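Notes to accompany the following structure.
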Amino acid sequence: MFEPENLLLATILVPLVGACLMWVLAPLGDVIVRRVALGTTLVALVGTWALVAKFPKNGDQPFAVWSWFDASRDLNVQFSLGLDGLSLWMFALSAVLMVTSIFVSWTAIRERVPLFYGMLLLLEFGCLGVFTAQDIILFYVFFEFTLIPLFFLIGIWGSEDRQYAAMKFFLFTLAGSMLTFLGLLAIVLFDYSRTGSLNFSIADLTSNQSVPEQWQVCIFVALFAGFAIKVPLFPVHTWLPLAHVQAPTAGSVFLAGILLKIGVYGFLRFSVPLLPNATAQCMPWLLWLSVIGIIYGALVALAQSDMKKLVAYSSVSHLGYCTLGLFALTPLAVQGSALQMINHGISTGALFALVGMLYERYHTREIAQYGGLAKRLPCLTFFMILFTFSSIGLPGTNGFTGEFLILIGMFQRGWATPDLLIIAILAVSGVVLGAWYMLNLVRRVFFGPLREPTGHGHDNGEPITDLNVREVAALLPLAVLVFWIGLYPKFFLDRMAPSLNRVTFAAEEEVRHLDIQNEKQAAAPQVVTESLARVR
Amino acid sequence: MDTIDKYILMIPAAPLLAAILCGVIGPWLSKRVPKVTAWITVAALGSSCFASFMLFGEISSQQDPHAAPFSRVIEIWTWANVDEAMLLAPTMHDFRVAVTLRADALTSMMLCMVTFVSTLVAVYSMGYMNGDRSYWRFFAYVSLFVFSMTMLVSVSNFVLLFVFWEAVGVCSYLLIGFWYTKPEAAAAGMKAFLVNRVGDIGFALALFLIWTTYGSLNFHDSLVTETAGETGVEKTVVPIDSNNDQDVNLSSDTLQGVLSRHPSQYKTGTVALVICLLLLLGACGKSAQFPLHIWLPDAMEGPTPVSALIHAATMVTAGIYMVTRCSPLFMASPDAQLVVACVGGFTALLGGLIALTQFDLKRVLAYSTISQLGYMFLGLGVGSFAGISAGMYHLFTHAFFKALLFLGAGSVMHAMGHVIDMRRFGGLRKIMPITHATFLLGCLALSGLFPFSGFWSKDAIIGSIHEKAHQLQHIDHGGHGVADGGATVTKSEAVYSLPIEVVSSVYYSLYYLALFTAFLTAVYTFRAYFMTFHGELRTPLEAGEHAHESPPSMTAPLVVLAVFATLIGMLIAPLSSFAGFIGMTPSLSSLYVGSHAIEFHMDVAMTSIVIVLIGMSLAAYLYLGGARQANALARLFNAPWYQRMFDVNAMARLQNKSWIQKTIRRAEGLGLGWLAVLTGRFLLLIGLVVSAPLILLGFASPYRLSQKKFFFDELYQFSVVKPLKIAATFLYAIDRIYVDGLVNLVGRLPVLLGSLLRPLQMGLTPFYALSMVLGTLVLILVRLLWLPS
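Below, the structure written as structure tokens:
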């Protein structure tokens, strides 16, 4: 019963069952619905952490694979789920962040409560599925499935401009993912033309490596379209601030924490291992896009007057670090990038939750309306400063671990390929801008003389109170994770390193070959043989 | 685990425990037992201080001049481990960062200084912070800071050095902004953090470069052994202590640390220079050196004990510590040493010049700190063991007398109702006798008058520069310098990229600059002293009627520090015992062994004593006595004749003089009005041309320059901050209008296409019928014309 594969399936199905329960239990009233939703996520959380506990420390093969209708001969699409080092932590984080999301919506959502929690649970189901799918079609199904609940979450429970935001978010990501789907199908067809059998299993496709070199860049661009919009990378990020600002708090938390990572995860799962040659060829472009995103996102965040927008643009900047590390293709940077995916989920998720808590109290997100709140809300301020520190990558917190590994790895790449050194230096400089806009936010909202927004929030006569137990419970697990990853990242790195190495190995080799080819044009032959010998 | 290990662990553990206790149960506990957090902190820091002294004793007893220098490295846990992370290196290195602590001479010296000063400051704060709303928060932050600082000086790899480098910065941020309701304090905290971050970019890049160059980030060597565990082969890495390396033969699986190599194993040339300059950038941020010095004066917004502890005695010296620790790297690049010396010398001068005209007592001390830190860098930049040990020695003595001066200023501030403007009080020696006496001793030490502690360390620095310049010149002229200069000088000669005579003259000018700064130091120190404690008794309104001496918990640390500030120089003077101790640090020992005996330079000492005495007399002349009380320098520069030189209206007033008017009228009478007008305009033109630079000069008169801190804040504001803010606003506009606009345009394409086709669906049946017929005809035609078979 508690075999890992059964546990995996059960964990994924729990939110789905919960979502159905929402519909069944709706007549019993909102209180029960909320509690059941919370209970469901807690059960899923327990299941997730049981899986984490059982995860082998150095396993590089998918762990706990659960497959269904294996035998269908003509169309070999499998319902195959599995966890490996790539997906383990995102899988676990989804479960953690959903608990936070439910806690922050506890009193904020008063309309159509059962539907809301149903949507949240469906979203969790979709995300858990995305990260565990071992089959391309299944992945794509889950990938698109996550859009639907979020579309409704934004469209129904969002702020003033919610319908435009929901529509834009939906169409934008859908347009990209159509191209991604074409790319994925192309990969399958190339594989078919080589092996003679239709194969949708990601592991098999990766090991077959059947995409010819001349087609790789083309397919890479197709995959890139969907994943880059999802991340979002620099020029295609405009749906993000809008969606974040309009989404309800829980939606923002989960959008920033998990859904954006699906893009990075997609790169890591498909683009890099399936198209290593194209990855190596496009590397400089991707790195430039990432670093532009870092600086651009940070600068635009600096100009924001709306807290949520500021955090949203900071996401653009932080995800720039993720993709930078990923495409630097050095072991340090890739591991840092995979860790930064989790880190950003924790810190930005928490920041959105905190902004939501402020909004619930004062009904405005305008930074200029606040001042000196540290006096009024010391506990909230404490958490805000904590997660700000995490977000700006202060040592001891998770942000530092990820950023440091990414930057040192990127610098190594720059050292090996001097054209890219400037990117490494720019990325390091981005750290100052990141500290600037976040600390500026903290200073303006929480420090200085007390200034509370007028005309909002006070109309029901209730005094503004500090965080209650429920809100602390929403933030505390994230705070623990901040320090855990900050102080002992080895626990997390060890479990994902073998899988990451396996996934990026081919692309790293391709980069080396490219480098050596470039060297060959410049240097004498014996130097090449020497450096080849050094590689081996 | 022997006693040394226990001490090493206990020193940071006690403050950490105190920080957690104060932070977690402080708010709850201090409602019931007031001041309990202060007692927890004092106890923790005291025990940490005790452990430091014990460690110091252990290490000095273990030191043997004939054996390898003593060091002990203990590993607590592995922070991160990435296998085979080195790219394209001859050997694949693992990236492995462990939390390792080390104990050696340099560390134990720093630990003693840090814990001792912080204990005294904690005792002082009990009185100073009394009655503050967030008493517990203050002590939690202070404990956290002491933890970070002790870790900073005892870690054994660059990553952790960077970690705690930033951690002390965070504590500084939190403590500067401790009174967060003051907007200035919040802004100052942020400024300090951001300026430090700029320096940290340099440090981080240096760290990356060290990693790619040397393949390791550890200070110490470590041994890789492969042990077959239950799950297969597992690598374990054991740090090697230099005191027991005789039983470890250096095999291929020894990972060499960055700072424990033979001098010949360091890269030289551009890479070495770049590493050192980047490290220096980091050090400039933390130690408030030009061009990143701007944050320190603003940091005075924090509570005064914090200024004494963090911004005078400990944290700001982290840069000096780091450069000293990395001296093997700096030795590999004499050019970098020259840059260090120049940055230090320039900052020393700059700080001294600005301190001359400030009215805020704490800011005078802050600029003085900047200036003295510049001195230390000057010493480090000499690049001989004498210079490095002199720099460290100055760090050591400076910690005592500058902490003393700050705490004295805090005592004044406490009595004056938090007024710190020296123009608003005076003659305090009568009401604050203990503060006055201790402050005077601190001033004497800071000015560097014989036999106070500052004298010995400052003279060691000036002497070492003089010696260096002399040696370089000597080599230039005959090459005899090799004989008495030792090996280091010969090596330096080979690798300076500038001609040796230029280097020599640079060091000579730095020598004179250091002497001039010594003069400035005496002037501004005694200016502050006379303005505060002499003249007739004046107190501000905020002080009320009850301006009085501070409570014993505040004066006791003052007295202790005053004793140390006075005597510590004599106790371990003249430097050789201190240098001998420091020289037994592994990374410094190769320098120490090669260096000749450190001498006391009588001529330099006499010169500097005379200079200090002149400075003190000038300050006494200008500021002692009733009438000349405040801002005498201002009057010097604001004298009428000086003002008139820059007066724009002088020309205009000249025109109204009667004899000019008469001349003009006479000229008009003669029909030569045009000549008068022409002459007038010509004169006006000449006047403008002549006076334009004078007007500019008036804007930038020496006094104004110094008073406005050479406009560095404004410069950065206009050259960095404003442009970035404008760029941010601009980019946001671009983002909304163009980037998003483009996306929306793409989104409208389908609609556009649809609207092109829409007219076809007009709903008229005849049209549909017609088009059907036409279409059929076209098809038939095509069939007939193109496919006739």
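Chains as they are written, first to last, in the numbering used here: chain A, 1 to 536; chain B, 1001 to 1789. Where a beta carbon is used, it is the ideal one built from N, C-alpha and C, also for glycine. These numbers were taken from a predicted model, which means no experiment stands behind them.
So which residues of chain A does residue i contact, with C-beta pairs closer than 8 Å?
i, result
"residue 1215 of chain B", "Simply none; closest approach about 11 Å."
"residue 1472 of chain B", "Simply none; closest approach about 34 Å."
"residue 1081 of chain B", "490, 493, 494"
Enumerate in chain order the residues of its own chain whose CB-to-CB distance from residue i is below 8 Å, with the five nearest sequence positions on each side excluded.
i, result
"residue 1089 of chain B", "Per-residue confidence for residue 1089 of chain B stands at a pLDDT of 49, beneath the threshold of 50, marking its modelled position as unreliable; the derived number appears in the next sentence. Only 1215 meet the Cβ criterion."
"residue 1072 of chain B", "1004, 1005, 1008, 1102, 1103, 1104, 1241, 1243"
Are the beta-carbon atoms belonging to residue i and residue j less than 8 Å from one another?
i, j, result
"residue 351 of chain A", "residue 380 of chain A", "no"
"residue 168 of chain A", "residue 239 of chain A", "yes"
"residue 1566 of chain B", "residue 1453 of chain B", "yes"
"residue 287 of chain A", "residue 339 of chain A", "no"
"residue 229 of chain A", "residue 361 of chain A", "no"
"residue 1538 of chain B", "residue 1426 of chain B", "yes"
"residue 1187 of chain B", "residue 303 of chain A", "no"
"residue 191 of chain A", "residue 284 of chain A", "no"
"residue 1304 of chain B", "residue 1413 of chain B", "yes"
"residue 1156 of chain B", "residue 1208 of chain B", "no"
"residue 1136 of chain B", "residue 1061 of chain B", "no"
"residue 299 of chain A", "residue 433 of chain A", "yes"
"residue 1212 of chain B", "residue 521 of chain A", "no"
"residue 234 of chain A", "residue 266 of chain A", "no"
"residue 1280 of chain B", "residue 1198 of chain B", "no"
"residue 37 of chain A", "residue 153 of chain A", "no"
"residue 1498 of chain B", "residue 1341 of chain B", "no"
Note down, in chain order, each residue of its chain lying with its Cβ closer than 7 Å to the Cβ of residue i, except the 5 sequence neighbours on either side.
i, result
"residue 231 of chain A", "260, 263, 264, 319, 323"
"residue 54 of chain A", "4"
"residue 426 of chain A", "291, 295"
"residue 1018 of chain B", "1040, 1041, 1044, 1143"
"residue 500 of chain A", "85, 86, 334, 335, 338"
"residue 275 of chain A", "211, 216, 219, 220"
"residue 1249 of chain B", "Because residue 1249 of chain B carries a pLDDT of 45, less than 50, the predicted location of this residue cannot be relied on, and no value is offered for it."
Between residue i and the rest of its own chain, which residues show a CB-CB distance below 6 Å, the 5 nearest in sequence each way excluded?
i, result
"residue 66 of chain A", "5, 8, 9, 81"
"residue 496 of chain A", "85, 338"
"residue 18 of chain A", "40, 121"
"residue 145 of chain A", "126"
Residue i: buried (16+ other C-beta within 10 angstroms of its C-beta) or exposed?
i, result
"residue 1764 of chain B", "exposed"
"residue 1768 of chain B", "exposed"
"residue 393 of chain A", "buried"
"residue 1606 of chain B", "exposed"
"residue 1542 of chain B", "exposed"
"residue 1722 of chain B", "exposed"
"residue 23 of chain A", "exposed"
"residue 29 of chain A", "exposed"
Residues of chain B with CB closer than 8 Å to the CB of residue i, please, in chain order.
i, result
"residue 248 of chain A", "What residue 248 of chain A touches in chain B: nothing, since even the nearest Cβ is about 22 Å away."
"residue 372 of chain A", "1180, 1181"
For a contact defined as C-beta to C-beta under 9 Å, what are the partners of residue i on chain B?
i, result
"residue 399 of chain A", "By Cβ distance, chain B contributes nothing, its closest Cβ being about 11 Å from residue 399 of chain A, past 9 Å."
"residue 337 of chain A", "The contacting residues do not exist; residue 337 of chain A stays about 12 Å from chain B at best."
Identify the contact partners of residue i in chain A, using a Cβ-Cβ distance below 7 Å as the criterion.
i, result
"residue 1281 of chain B", "Those do not exist, as residue 1281 of chain B stays about 12 Å from chain A at its closest Cβ, beyond 7 Å."
"residue 1177 of chain B", "447"
### Task
With a floor of 4 residues, list each alpha helix (DSSP H) that falls wholly inside the stretch 10 to 88 of chain A, ordered by position along the chain.
Positions of the alpha helix (DSSP H) runs, each at least 4 residues long and wholly inside the stretch 10 to 88 of chain A, are given as 30 to 54 in order along the chain.
### Task
Within the stretch 299 to 357 of chain A, note down every full alpha helix (DSSP H) run reaching 4 residues or more, in order along the chain.
Look at the stretch 299 to 357 of chain A and you find these whole runs of alpha helix (DSSP H), each 4 residues long or longer: 307 to 328.
### Message
Which complete alpha helix (DSSP H) runs does the stretch 1424 to 1459 of chain B hold, if anything under 4 residues is left out?
### Response
Entirely contained in the stretch 1424 to 1459 of chain B, the alpha helix (DSSP H) runs reaching 4 residues are, in chain order, 1433 to 1447.
### Message
For a minimum of 3 consecutive residues, which ranges assigned as the beta strand (DSSP E) are wholly contained in the stretch 1149 to 1185 of chain B?
### Response
The stretch 1149 to 1185 of chain B contains no complete beta strand (DSSP E) run of 3 or more residues.
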